[in-house]
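Trainee: Throughout the sequence shown, residue numbering follows my numbering, covering 2 to 102 in sequence.
Yeah, the Cβ is synthetic: ideal placement off N, Cα and C, and Gly gets one too.
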Amino acid sequence: HFRVIERAISATLAATDKSTHSRRHLIITHGNRYYASVLLNMVPNLHNSTNQLSPDSAQLTTDLAELITRTENYIEDNYPNAYPARFFANPAKIQELYDNN
Numbered sequence: 002h003f004r005v006i007e008r009a010i011s012a013t014l015a016a017t018d019k020s021t022h023s024r025r026h027l028i029i030t031h032g033n034r035y036y037a038s039v040l041l042n043m044v045p046n047l048h049n050s051t052n053q054l055s056p057d058s059a060q061l062t063t064d065l066a067e068l069i070t071r072t073e074n075y076i077e078d079n080y081p082n083a084y085p086a087r088f089f090a091n092p093a094k095i096q097e098l099y100d101n102n
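1. My guess is that ILE6 and ILE29 are in contact by the Cβ rule of under 8 Å, so how many angstroms apart are they, rounded?
2. Compare the beta carbon distance of THR13 and LEU61 with 8 Å and say whether it is the shorter of the two.
3. Is the distance from the Cβ of THR72 to the Cβ of ASN102 below 8 Å?
4. Do THR17 and ARG8 have their C-beta atoms closer together than 8 Å?
5. Look at LEU41 and PHE88 and say whether their C-beta atoms are less than 8 Å apart.
6. Within 10 Å of its beta-carbon, does TYR99 have 16 or more other beta-carbons around it, so buried, or fewer, so exposed?
7. Please classify PRO85 as buried or exposed, where buried requires at least 16 other C-beta atoms within 10 Å of its C-beta.
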């Protein structure tokens with residue numbers, strides 16, 4: 002699952018135009034570990050499965066897109082002047098995202 006999520010994040014980042022959506026590009030870049038964590042926690046039975054689970058790439062990609070949009074909106078609404086690298090380096094802010102996003 003982690004590799005599929007990493008590929009989805011990389012593909013989303015590559016598809017995001019850095020010149021026209023620079024803030025979104027930075028949010029995707031610096032939030033990649035947060036996104037992977039949230040998406041892994043969304044996979045049903047991942048923690049207690051005794052069978053190998055096949056990742057649903059399409060669903061993970063859809064969930065990632067929604068998560069990025071919610072995160073971008075949350076940061077814009079609550080921390081409009083925050084630089085994404087500093088925001089995602091702050092454990093309290095990450096916990097706030099987990100609690101509210």
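Mentor: With the given structure in hand:
1. As a first step, residue 6 is located in the sequence shown; it is residue number 5 there, counting from the start. As a first step, residue 29 is located in the sequence shown; it is residue number 28 there, counting from the start. So it is not a contact: roughly 13 Å between Cβ atoms.
2. Position 12 of the sequence shown holds residue 13. Position 60 of the sequence shown holds residue 61. Not closer than 8 Å, so no.
3. Here residue 72 is taken as the residue at index 71 of the sequence shown, counted from 1. Here residue 102 is taken as the residue at index 101 of the sequence shown, counted from 1. Yes, the Cβ-Cβ distance between THR72 and ASN102 is below 8 Å.
4. As a position in the sequence shown, residue 17 is number 16, starting the count at 1. As a position in the sequence shown, residue 8 is number 7, starting the count at 1. No. Outside cutoff.
5. Counting from 1 along the sequence shown, the entry for residue 41 is found at position 40. Counting from 1 along the sequence shown, the entry for residue 88 is found at position 87. No, they are not a contact pair.
6. Within the sequence shown, the letter at position 98 stands for residue 99. With fewer than 16 other Cβ atoms within 10 Å, it is exposed.
7. Locating residue 85 in the sequence shown gives position 84, where the first residue counts as 1. That one is buried.
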